[in-house]
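In my numbering, the protein residues as written are 485 to 931.
Ideal Cβ positions, reconstructed from N, Cα and C, are used throughout, including at glycine.
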């Protein structure tokens with residue numbers, strides 16, 4: 485079989501085998517650390533914290549940390565502070581001239597940006613750490629064996645060190661392993677919930693076999709899930725290729741340029757970020773309603789607390805479409821693309837260099853972002869339709885939203901790197917025809 489032959493080929497390549505084993509080792513260390521509880525906490529008294537992280541913003545954090553948040557482990561804050569810091573630095577690179585300068589300085593600028601990102605991560609951790617301890621005191625005060633300043637200070641230090649260690653693991657995976665380390669750590673955290681949710685869905689279908697079709701409905705759910713995965717792969721990989729012609733240059737006896745290349749403009753250039761932004765804002769009314777004693781505010785918040793309601797999903801979808809346009813506008817710079825093209829002697833056939841090229845690229849991005857944003861909104865609200873169809877809430881999260889997009893994107897990027905190693909050593913790729921394409925040419929992070 486093709487599959488077994490490919491596995492044998494992978495095992496024949498010593499470097500690739502070493503990288504895969506190194507990646508698995510680091511991921512295993514991360515998963516083991518997710519179950520190491522903070523000193524001074526009784527893990528048997530964390531039921532209230534686990535209930536609190538079933539949904540909402542904390543549920544999202546618990547998903548990204550692979551359950552470490554609800555376990556009050558040393559990795560409770562996960563990798564999200566680093567991702568938050570990276571997003572802030574990325575946005576500052578658009579508005580602040582100093583960061584724009586660093587982005588143009590190549591490798592030295594990238595190292596400086598990475599250093600600033602780490603410092604900002606520590607600052608975020610020193611804010612989130614006390615917040616986590618305060619929430620733990622409010623929800624599961626009985627879990628703290630001996631509360632006091634000593635527990636508070638040591639817990640914050642350990643939480644900060646834990647996230648920095650997870651960052652280090654991610655960087656080691658990127659350098660010594662296969663795939664993007666940060667993305668793989670998030671993906672493993674999401675997959676860690678799959679067996680438990682799958683068993684819960686299987687048991688619920690068996691218990692309700694007489695009323696809701698039982699195993700037949702479970703089979704239908706898997707078929708629908710397959711098509712959802714296929715559609716998400718198309719969304720992640722969808723691109724509009726813009727042809728670019730480069731002028732011929734003769735240096736000595738060699739000819740440079742004179743060939744046609746393509747700029748791949750992605751249908752979903754914003755990735756998963758619009759969903760994360762929209763989810764964070766959708767939770768704000770529910771949070772504020774807890775501090776206001778008013779029937780109107782409570783009723784308004786109830787709309788945003790009903791994840792399967794029409795108004796919640798309608799507002800959620802509209803916000804995702806708006807954020808997709810916003811995030812695409814600040815990350816894709818047609819002016820910079822046109823300048824780089826002109827500097828390298830390239831032009832789009834039929835389009836004048838300079839302002840006309842900027843207008844053409846901007847027009848194309850606007851046209852392809854509309855279907856991309858609508859499809860992204862549909863993927864985001866699919867879990868609500870799954871829950872309305874009777875799918876268990878935990879298992880329904882794999883029908884769309886951030887979970888599905890991250891899983892598909894990271895798996896594609898990792899498989900692309902594996903295939904590159906195979907083809908470089910003249911073995912067949914992972915598919916009989918064609919090549920596996922990642923999200924943006926290989927190894928891109930999810931943020």
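From the DSSP secondary-structure annotation, give me the bridge partner or partners of residue i.
{"i": "residue 724", "result": "749"}
{"i": "residue 831", "result": "729"}
{"i": "residue 628", "result": "525"}
Measure the C-alpha to C-alpha separation of residue i and residue j and round it to an integer number of angstroms.
{"i": "residue 832", "j": "residue 811", "result": "25 Å"}
{"i": "residue 837", "j": "residue 826", "result": "7 Å"}
{"i": "residue 712", "j": "residue 883", "result": "7 Å"}
{"i": "residue 636", "j": "residue 519", "result": "20 Å"}
{"i": "residue 930", "j": "residue 751", "result": "Caution is warranted here: a pLDDT of 47 is assigned to residue 930, below 50, making its placement in the model unreliable, and no coordinate value can be reported."}
{"i": "residue 649", "j": "residue 602", "result": "12 Å"}
{"i": "residue 926", "j": "residue 893", "result": "Because residue 926 sits at a pLDDT of 38, beneath the cut-off of 50, its placement in the model cannot be relied upon, and the point is left open."}
{"i": "residue 885", "j": "residue 720", "result": "13 Å"}
{"i": "residue 788", "j": "residue 646", "result": "33 Å"}
{"i": "residue 700", "j": "residue 716", "result": "24 Å"}
{"i": "residue 865", "j": "residue 843", "result": "33 Å"}
{"i": "residue 754", "j": "residue 854", "result": "12 Å"}
{"i": "residue 502", "j": "residue 656", "result": "13 Å"}
{"i": "residue 685", "j": "residue 879", "result": "7 Å"}
{"i": "residue 551", "j": "residue 573", "result": "27 Å"}
{"i": "residue 809", "j": "residue 759", "result": "12 Å"}
{"i": "residue 828", "j": "residue 818", "result": "15 Å"}
{"i": "residue 839", "j": "residue 824", "result": "13 Å"}
{"i": "residue 588", "j": "residue 732", "result": "26 Å"}
{"i": "residue 928", "j": "residue 691", "result": "Bear in mind that the predicted position of residue 928 carries a pLDDT of just 40, short of 50, making it too unreliable to give a figure here."}
{"i": "residue 671", "j": "residue 845", "result": "33 Å"}
{"i": "residue 642", "j": "residue 744", "result": "54 Å"}
{"i": "residue 904", "j": "residue 497", "result": "12 Å"}
{"i": "residue 542", "j": "residue 553", "result": "8 Å"}
{"i": "residue 848", "j": "residue 815", "result": "15 Å"}
{"i": "residue 492", "j": "residue 906", "result": "11 Å"}
{"i": "residue 630", "j": "residue 613", "result": "18 Å"}
{"i": "residue 536", "j": "residue 677", "result": "16 Å"}
{"i": "residue 728", "j": "residue 747", "result": "7 Å"}
{"i": "residue 799", "j": "residue 499", "result": "49 Å"}
Residue range of the alpha helix (DSSP H) that residue i falls in?
{"i": "residue 881", "result": "Per DSSP, residue 881 belongs to no alpha helix (DSSP H) and is neither H nor E."}
{"i": "residue 621", "result": "591-623"}
{"i": "residue 798", "result": "794-815"}
{"i": "residue 577", "result": "564-579"}
{"i": "residue 760", "result": "757-766"}
{"i": "residue 754", "result": "Here residue 754 belongs to no alpha helix (DSSP H), and DSSP marks it neither H nor E."}
{"i": "residue 688", "result": "678-691"}
{"i": "residue 535", "result": "531-536"}
Can you tell me whether residue i is helix, strand or coil according to DSSP?
{"i": "residue 909", "result": "coil"}
{"i": "residue 557", "result": "strand"}
{"i": "residue 645", "result": "helix"}
{"i": "residue 744", "result": "strand"}
{"i": "residue 836", "result": "coil"}
{"i": "residue 892", "result": "helix"}
{"i": "residue 662", "result": "coil"}
{"i": "residue 520", "result": "coil"}
{"i": "residue 862", "result": "helix"}
{"i": "residue 525", "result": "strand"}
{"i": "residue 459", "result": "Residue numbering for the chain in the displayed model covers 485 to 931; residue 459 lies beyond these limits and cannot be assessed."}
{"i": "residue 497", "result": "coil"}
{"i": "residue 875", "result": "coil"}
{"i": "residue 551", "result": "coil"}
{"i": "residue 467", "result": "Outside the displayed span of the chain (485 to 931) sits residue 467, for which this structure offers no information."}
{"i": "residue 926", "result": "Any reading at residue 926 is ruled out, since the residue's pLDDT is 38, under 50, leaving its predicted position unreliable."}
{"i": "residue 791", "result": "coil"}
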